[in-house]
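Residue numbers (our numbering), protein chains in the order written: chain A, 1 to 192; chain B, 1 to 192.
Note that the Cβ used here is the ideal one computed from N, Cα and C, for glycine as well.
Quick notes on the structure that follows.
There are 2 protein chains.
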Amino acid sequence: MTTRSSMMEKTRSELLAQARVLFASKGFAGTALEELTADVGLTRGALYHHFGNKKGLFYAVVQQLDSEMDLRLRDIERSETSPQQALLKRAETYLDMATEPEIQRIILRDAQSVLEPEQLKKAASGCVASITQLLSVIAPQQSSQAHKTSAQFINGGLTSLALWIANHQVPDQAVDDAKRTAYELLNRIMPA
Amino acid sequence: MTTRSSMMEKTRSELLAQARVLFASKGFAGTALEELTADVGLTRGALYHHFGNKKGLFYAVVQQLDSEMDLRLRDIERSETSPQQALLKRAETYLDMATEPEIQRIILRDAQSVLEPEQLKKAASGCVASITQLLSVIAPQQSSQAHKTSAQFINGGLTSLALWIANHQVPDQAVDDAKRTAYELLNRIMPA
DNA sequence: TAATTGACATACAGTGTGTATGTCAATTAT
DNA sequence: ATAATTGACATACACACTGTATGTCAATTA
C-alpha cells in the first residue's frame with residue numbers, strides 16, 4: 001500500500017526471481033551474490049538485509065518452488081475421480097516437472113546438501129503428506145505410520161526417476177519410459 | 001615395493017581416510033583442505049598433487065564408499081536362495097547402511113550436488129545394475145529397459161527411506177518401520 | 001657419481017562470504 | 001510543518017578458502 005513497503009516487496013521479489021535463475025543455472029556453490037544483486041541493480045547489502053545469508057535466500061527459493069509444485073499437484077488431483085487415479089496422475093505430473101531445470105538443480109540436487117534436515121523435511125512435507133493422504137483413502141485398513149513410510153518410498157522412487165530423466169540423453173523418451181514404469185509399479189503397490 | 005611408491009600410497013590413503021572423516025562430519029562445503037592435510041601432517045600441496053582439486057578428492061571418497069557398499073551388498077545376496085529373497089535382503093542391508101553417518105552425509109546428501117551427473121551415474125551404477133540384474137531373473141518376460149527403470153525407482157525409494165531414517169529422532173525404531181514397509185512394497189512389486 | 005624425476009612444500013593471487021558501519025529517504029511524532 | 005526516528009540499502013573491511021605457480025630435496029636411474 002504505502003510506497004515504502006511496496007518498494008521493499010519489489011526488491012525482495014526481484015532478488016528471489018534472480019536467485020531462482022542463478023541457482024538453477026549455476027548451482028548454489030557456483031552462484032556469486034555480488035553478481036546476483038548487481039543483475040537487479042542492487043548490492044549485497046540489500047540481500048543480507050532481506051534474507052540474512054546465502055542459505056536464507058536459498059531456503060526462500062526452495063519454499064517458493066515447493067509451494068508452486070504443491071499447488072500444481074493439488075490442482076491435478078482435484079480433477080480425478082478415484083484416489084487411485086489421483087495418485088497415478090500425480091506421479092505423471094511430478095515426472096513432467098522433473099524436466100524443468102529449476103526443479104532439477106535446486107530441488108533435486110542442491111537442496112539435500114544445502115538445507116538442514118529440519119528445513120528439508122518442512123519443505124518436502126507437502127508432497128509426502130499429500131501422498132500419505134491418498135494412501136490412507138486407498139488402504140484405510142493400514143496404519144497411519146505405514147502410509148507415511150510408504151509415501152516416503154513412493155516419493156523417493158518418483159524423485160529418483162525424475163533425476164534419471166534429468167540426466168538422460170533423450171529426456172522425452174525417458175519421460176515416457178519413466179511414466180510407464182511408475183504407472184506399472186504404483187498399480188502393483190496400490191491394493192486393488 | 002620400492003620405498004618411494006609405498007610412501008606415496010601411504011600418503012594417498014591417509015588423505016583419503018581423513019577426507020572421509022571430515023566430509024562425513026562437516027560436509028563438502030564445510031571441510032577446509034588446509035585443516036584436512038594438517039591433520040595428517042601434510043600441506044595442501046600433497047592433496048592437489050594426488051587428487052587435482054577438492055572435487056577430485058571427494059569423487060575418490062565416493063568411489064571408495066560405493067565400492068565398499070557394493071561389496072557388502074553382493075556378499076549378502078550370494079547367501080540367499082531365491083532372487084526374490086536376495087532383493088528383500090539387499091533392501092534390508094541397504095537400510096542398515098543408511099544409519100552410518102559417512103553414507104548419510106557423503107553419499108545421500110552431498111554427492112548429488114557436488115558430483116557431475118556423469119560421475120554420479122557411474123558411481124551409483126553398481127547398485128542399480130545389481131537390482132536390474134535381480135529383476136531380470138525375477139521377471140524374465142519384461143524388457144531390459146523396464147528392469148532398469150524399475151530398478152531406478154526401487155533404488156530411489158530405498159534411498160529416500162534411508163534419508164528418512166537418517167533424519168529421524170529415534171533411528172532404531174525408524175529402521176524397523178522402514179524395513180517392514182520396504183518388505184511389504186517390494187513383495188507387491190515383485191511378480192509372484 | 002652425476003643427472004633427473006617427482007612427491008610434496010611454500011608463496012601468492014583471486015574470489016567470495018559475512019559483518020560492521022554509514023547514509024538518506026520515508027515514516028511518525030510533536 | 002518541522003523535528004526525530006526508523007529502516008532499507010550501500011559501502012568498506014576483515015577473514016577464509018581454493019587453486020596455481022614455483023621451489024626444494026630426496027629417491028631413482030644412467
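Checklist entry - Under the three-state reduction of DSSP, which class applies to L134 (chain B): helix, strand or coil? => result Taking the second sequence and counting its residues from 1, one reaches residue 134 (chain B) at position 134. If DSSP states are grouped into helix, strand and coil, L134 (chain B) belongs with the helices.
Checklist entry - Under a Cβ-count criterion, where at least 16 other Cβ atoms within 10 Å of its own Cβ denotes burial, should T149 (chain B) be classed as buried or exposed? => result What you label residue 149 (chain B) is simply residue 149 of the second sequence in a count that begins at 1. Answer is buried; the Cβ neighbour count reaches 16.
Next on the checklist: On the DSSP letters alone, give me the boundaries of the alpha helix (DSSP H) that M7 (chain A) sits inside.
Outcome noted: Reading the first sequence from its first residue, position 7 is the one you call residue 7 (chain A). Segment T3 to K26, the alpha helix (DSSP H) holding M7 (chain A).
Checklist entry - Rounded to whole angstroms, how far is the Cβ of Q104 (chain A) from the Cβ of A166 (chain A), which I believe are closer than 8 Å? => result Here residue 104 (chain A) refers to the residue found at position 104 when the first sequence is read from its first residue. Here residue 166 (chain A) refers to the residue found at position 166 when the first sequence is read from its first residue. Right, the Cβ-Cβ distance comes to about 4 Å (below 8 Å), so this counts as a contact.
Checklist entry - Measuring CB to CB, does L42 (chain B) end up less than 8 Å from A19 (chain B)? => result As a working note, residue 42 (chain B) is residue 42 in the second sequence. As a working note, residue 19 (chain B) is residue 19 in the second sequence. Cβ atoms of L42 (chain B) and A19 (chain B): not closer than 8 Å.
Item to check | When A:H168, A:D172 and A:K179 are compared against L158 (chain A), the one with the closest alpha-carbon | outcome: For this step, residue 158 (chain A) is matched to residue 158 along the first sequence. Per the Cα distances, A:K179.
Checklist entry - Helix or strand or just coil, what does DSSP make of V170 (chain B)? => result For the purposes of this step, residue 170 (chain B) is taken as residue 170 along the second sequence, with counting starting at 1. If DSSP states are grouped into helix, strand and coil, V170 (chain B) belongs with coil.
Next on the checklist: Using a Cβ-Cβ distance cut-off of 8 Å, determine whether Q169 (chain B) contacts chain A.
Outcome noted: Your numbering for residue 169 (chain B) matches position 169 in the second sequence. Chain A, which has no Cβ nearer than 8 Å to the Cβ of Q169 (chain B), makes this no.
Checklist entry - Would you say I154 (chain A) faces chain B, with C-beta separation under 8 Å as the test? => result Numbered from its first residue, the first sequence carries residue 154 (chain A) at position 154. For I154 (chain A), the answer is yes, since a Cβ of chain B falls inside 8 Å of its Cβ.
Item to check | Coil, strand or helix - Q142 (chain B) by DSSP | outcome: As a first step, residue 142 (chain B) must be located in the second sequence, where it is residue number 142. In the structure shown, Q142 (chain B) sits in coil (DSSP, three-state: anything other than H, G, I, E or B).
Checklist entry - Where do the N-terminal and C-terminal ends of the alpha helix (DSSP H) with L33 (chain B) fall, by residue? => result On the second sequence, position 33 is the one that residue 33 (chain B) refers to. Where L33 (chain B) is concerned, the enclosing alpha helix (DSSP H) stretches over L33 to D39.
Checklist entry - Since L161 (chain A) and Q152 (chain B) are thought to touch, with beta carbons under 8 Å apart, how far apart are those beta carbons, to the nearest angstrom? => result On the first sequence, position 161 is the one that residue 161 (chain A) refers to. On the second sequence, position 152 is the one that residue 152 (chain B) refers to. Indeed they touch by this definition, with Cβ atoms about 6 Å apart.
Checklist entry - Taking the alpha-carbon positions, what's the K89 (chain B) to L73 (chain A) distance? => result If you number the second sequence from 1, residue 89 (chain B) lands on position 89. If you number the first sequence from 1, residue 73 (chain A) lands on position 73. Those two C-alpha atoms are separated by around 34 Å.
Checklist entry - Taking contact to mean at least 3 C-beta pairs separated by less than 8 Å, is the segment 67 to 82 of chain B in contact with the segment 24 to 35 of chain B? => result no
Checklist entry - Which of the residues in the segment 158 to 182 of chain A, read from start to end, lie with their CB under 8 Å from any CB of chain B? => result The segment 158 to 182 of chain A vs chain B, Cβ under 8 Å: L158, T159, S160, L161, L163, W164, A166, N167, D177, A178, R180, T181 and A182.
Item to check | Supposed close pair A129 (chain B), L120 (chain B) - CB separation, criterion 8 Å | outcome: Stepping through the second sequence from its first residue, residue 129 (chain B) is reached at position 129. Stepping through the second sequence from its first residue, residue 120 (chain B) is reached at position 120. Not quite, the Cβ-Cβ distance comes to about 14 Å (not below 8 Å), so this is no contact.
Item to check | For L65 (chain A), the nearest candidate out of A:A38, A:M97 and A:Q133 (CA to CA) | outcome: Translated into the one-based positions of the first sequence, residue 65 (chain A) becomes position 65. The shortest C-alpha separation from L65 (chain A) is found at A:M97.
Checklist entry - How far does the alpha helix (DSSP H) with S113 (chain A) in it reach, from first residue to last? => result Residue numbering aside, residue 113 (chain A) sits at position 113 when the first sequence is read from its first letter. S113 (chain A): member of the alpha helix (DSSP H) spanning A111 to V114, first to last residue.
Next on the checklist: As an exercise, report each continuous alpha helix (DSSP H) stretch of at least 4 residues that is fully enclosed by the segment 71 to 117 of chain B, in chain order.
Outcome noted: 83 to 97 and 111 to 114
Checklist entry - Among B:M8, B:W164 and B:R109, which residue has its Cα nearest to the Cα of L46 (chain B)? => result Position 46 of the second sequence, counted from the start, is the residue given in the question as residue 46 (chain B). Reading the sequence as shown, one finds Ala at residue 46 (chain B) and not Leu. Between A46 (chain B) and the set B:M8, B:W164 and B:R109, the nearest pair of CA atoms involves B:M8.
Item to check | Contact set between I131 (chain B) and chain A, taken where Cβ atoms lie within less than 7 Å | outcome: The residue you call residue 131 (chain B) lines up with position 131 of the second sequence. Neighbours of I131 (chain B) on chain A: none; closest Cβ ~11 Å, over 7 Å.
Checklist entry - Pick from B:Q145, B:E184 and B:L108: whose alpha carbon is nearest that of Q133 (chain B)? => result Taking the first residue of the second sequence as 1, we reach residue 133 (chain B) at position 133. Selected option, being the one with the closest Cα: B:Q145.
Checklist entry - For L71 (chain A), does the count of other Cβ atoms within 10 angstroms reach 16, so buried, or fall short, so exposed? => result For this step, residue 71 (chain A) is matched to residue 71 along the first sequence. Counting Cβ neighbours within 10 Å, L71 (chain A) comes out exposed, since fewer than 16 surround it.
Checklist entry - Closer than 8 Å, CB to CB, is S136 (chain A) near chain B or not? => result Taking the first residue of the first sequence as 1, we reach residue 136 (chain A) at position 136. No - not a single Cβ of chain B is within 8 Å of the one on S136 (chain A).
Next on the checklist: For chain B, check one thing: does any of its Cβ atoms lie closer than 8 Å to the Cβ of T99 (chain A)?
Outcome noted: Within the first sequence, numbered from 1, the residue matching residue 99 (chain A) stands at position 99. Under the 8 Å criterion on CB atoms, T99 (chain A) is classed as non-interfacial with respect to chain B.
Item to check | Local Cβ density within 10 Å of D177 (chain A), reported as buried at 16 or more and exposed below that | outcome: Residue mapping note: residue 177 (chain A) aligns to position 177 of the first sequence, counting from 1. Classification of D177 (chain A): buried, given that the 10 Å Cβ count is 16 or more.
Checklist entry - Can F58 (chain B) and V114 (chain B) be called in contact, C-beta distance under 8 Å? => result Counting from one through the second sequence, the residue named residue 58 (chain B) turns up at place 58. Counting from one through the second sequence, the residue named residue 114 (chain B) turns up at place 114. Cβ distance < 8 Å, so F58 (chain B) and V114 (chain B) count as in contact.
Item to check | Delimiting residues of the alpha helix (DSSP H) encompassing A46 (chain A) | outcome: Sequence index remark: in the first sequence, residue 46 (chain A) carries index 46 (1-based). First-last of the alpha helix (DSSP H) with A46 (chain A): R44 to F51.
Item to check | Reference I107 (chain B); option with closest CA among B:N53, B:Y48, B:L186 and B:F23 | outcome: Along the second sequence, read from residue 1 onward, the residue named residue 107 (chain B) stands at position 107. Selected option, being the one with the closest Cα: B:F23.
Item to check | Buried or exposed by the 16-neighbour rule on C-beta atoms within 10 Å, applied to T81 (chain B) | outcome: Looking up residue 81 (chain B) in the second sequence gives position 81. Result: exposed.
Item to check | Distance, P101 (chain A) Cα to A174 (chain A) Cα | outcome: As a first step, residue 174 (chain A) must be located in the first sequence, where it is residue number 174. As a first step, residue 101 (chain A) must be located in the first sequence, where it is residue number 101. Approximately 15 Å, taken between the alpha carbons.
Checklist entry - Which value, in whole angstroms, describes the spacing of the CA atoms of S13 (chain B) and T3 (chain B)? => result By one-based count along the second sequence, residue 13 (chain B) stands at place 13. By one-based count along the second sequence, residue 3 (chain B) stands at place 3. Between S13 (chain B) and T3 (chain B), the C-alpha separation is close to 16 Å.
Item to check | Integer Cβ distance of A123 (chain A) from V62 (chain A), believed to fall under 8 Å | outcome: As a working mapping, residue 123 (chain A) is identified with position 123 in the first sequence. As a working mapping, residue 62 (chain A) is identified with position 62 in the first sequence. 5 Å between Cβ atoms; contact.
Next on the checklist: Looking only at its chain, what residues have a beta carbon closer than 7 Å to the beta carbon of H168 (chain B), apart from the 5 residues adjacent to it on each side?
Outcome noted: Position 168 of the second sequence, counting from 1, holds the residue named residue 168 (chain B). Contacts found: A174.
Checklist entry - When the Cα atoms are used, what is the spatial distance from E184 (chain B) to S5 (chain B)? => result In the second sequence, counting from the first residue as 1, residue 184 (chain B) sits at position 184. In the second sequence, counting from the first residue as 1, residue 5 (chain B) sits at position 5. So the two alpha carbons sit approximately 51 Å from each other.
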